[in-house]
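Worksheet: the structure to be examined is printed underneath.
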Amino acid sequence: MHFGSCFCGAVELQVSGEPEAMGYCHCRSCRSWSGGPVNAFSLWKPEAVMITSGVENVATFKKTPLSERRYCTRCGGHLMTNHPPLALVDVFTATIPSLNFVPGVHVNYEQTVLPMRDGLPKLKDFPAEFGGSGEAIAE
């Protein structure tokens, strides 16, 4: 079990078990939302993620049907992104500091602004099982 919180601590959460996947997303939406050149993600089954306090301070921004981005209304700190079509929740790895982040893939690498030469698979968009092409791009 891992515990985390938003930037100010008004919202606390926990994740249990192991993530379904971890990696990096290079899409423009994730970059813009995270304020960084790449977003480190950890994907969990919804039942493994629980807000333990401060739920009244959580708001959701829904840009597309694929992503429901959740954040703290007090500090603006990002918490997670629900992906209803995938039945997965991306809990931002910075939100759960005790998680040993072991990335396995880069997604949306075609959009990268920060090339990363780490030997991991680089997918043009998403894996085929998530509705993407599954096409790999060379480092």
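Just add 375 to the spot in the sequence shown (first one is 1) and you have the working numbering. Where a beta carbon is used, it is the ideal one built from N, C-alpha and C, also for glycine.
Here Asp465 is buried, its C-beta having at least 16 other C-beta atoms within 10 Å.
Restricted to the stretch 422-476, the beta strand (DSSP E) segments that are unbroken, complete and at least 3 residues in length are 424-428, 433-439, 442-447, 453-458 and 463-466, listed in chain order.
His453 sits away from Ser404, with the two beta carbons spaced by 8 Å or more.
Judged by DSSP secondary structure, Ser380 falls within the beta strand (DSSP E) whose first and last residues are His377 to Ser380. Spanning the alpha carbons of Ala423 and Met376 requires a straight line of approximately 9 Å. Within the DSSP secondary-structure output, Val390 pairs in a beta bridge with His377 and Val424. Taking all protein chains in view, the Cβ of Leu489 is surrounded by fewer than 16 other Cβ atoms within 10 Å, so the residue is classified as exposed. Taking C-beta separations shorter than 7 Å and ignoring five residues to either side along the sequence, the partners of Gly479 in its chain run Ala396, Met397, Gly398 and Leu495, following chain order. When DSSP reads this structure, Phe416 sits in a beta bridge with Gly398.
Taking every protein chain shown into account, the CB of Arg492 has fewer than 16 other CB atoms within 10 angstroms, so this residue is exposed. According to the DSSP secondary-structure assignment, Val480 is paired through a beta bridge with Gly398.
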